[in-house]
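Each remark here refers to the structure printed beneath this line.
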Amino acid sequence: MIVTAGAGEALYVAITTLVREGERVLFQDPGFVSYEACTVLAGGRPEGVPLTPDLRLDVEACKEQMDGARVFVLNSPGNPTGTVESEETIRAIVEYGNDHGVTIISDESTNTSSMTKSITAPPVTVMTSSPSTPPARPTP
Ligand SMILES: Cc1ncc(COP(=O)(O)O)c(C=O)c1O
């Protein structure tokens with residue numbers, strides 16, 4: 247486990263560690279702004295995964311787009327959509343990633359229960375999470 251100063255740093259470390267020049271990085275579109283920047287800094291190719299009209303992931307479309315990709319950053323609850331993907335959807339995407347060499351970065355930083363409960367288990371999942379309130383600073 248690596249502890250970072252926030253989810254943003256964890257994402258940067260994970261993406262720049264995993265992604266090499268020209269490799270494709272997928273993320274929900276609309277989605278959190280930093281995924282594209284981290285991918286470009288790593289030399290990768292950012293690629294939005296279009297959401298359905300009700301702002302959800304279409305699992306079959308995801309699978310098609312995942313072929314040949316290096317990373318899928320999966321964000322649930324989503325920012326800015328607020329969508330909580332079903333366990334079935336997350337499991338299907340993670341299992342497909344495991345079988346096809348796509349590392350899933352599960353960004354759960356907007357999940358207030360993520361510090362105590364994991365909704366994704368497979369070994370290639372990278373978890374990022376932030377406490378909802380920052381830790382108290384020590385008094386000098
Ligand atoms: C989905 C998502 N990931 C990552 C971050 C970055 O989190 P932090 O402020 O802990 O670096 C945010 C912050 O808003 C976010 O909404």
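Okay, so the sequence shown: first residue is 247 according to this note's numbering, each after it adds one.
Quick reminder that beta carbons are idealized off the backbone N, C-alpha and C, glycines included.
Whole-angstrom distance between residue j and residue i, CA atom to CA atom
{"i": "E306", "j": "V249", "result": "34 Å"}
{"i": "F318", "j": "T298", "result": "17 Å"}
{"i": "L301", "j": "A256", "result": "25 Å"}
{"i": "G235", "j": "R316", "result": "Look at the range of the chain in this structure, 247 to 386, and you will see that residue 235 is not part of it."}
{"i": "G268", "j": "G314", "result": "11 Å"}
{"i": "E354", "j": "E282", "result": "17 Å"}
{"i": "T329", "j": "P323", "result": "5 Å"}
{"i": "G277", "j": "A260", "result": "18 Å"}
Backbone secondary structure at residue i - three-state DSSP
{"i": "D345", "result": "helix"}
{"i": "L320", "result": "strand"}
{"i": "R270", "result": "strand"}
{"i": "R302", "result": "coil"}
Interface flag, residue i vs chain B, CB-CB below 8 Å
{"i": "V271", "result": "The structure shown contains no chain B; it is built from a single protein chain."}
Assumed close pair residue i, residue j - CB separation to whole angstroms, cut-off 8 Å
{"i": "Q274", "j": "N321", "result": "6 Å"}
{"i": "E293", "j": "R270", "result": "5 Å"}
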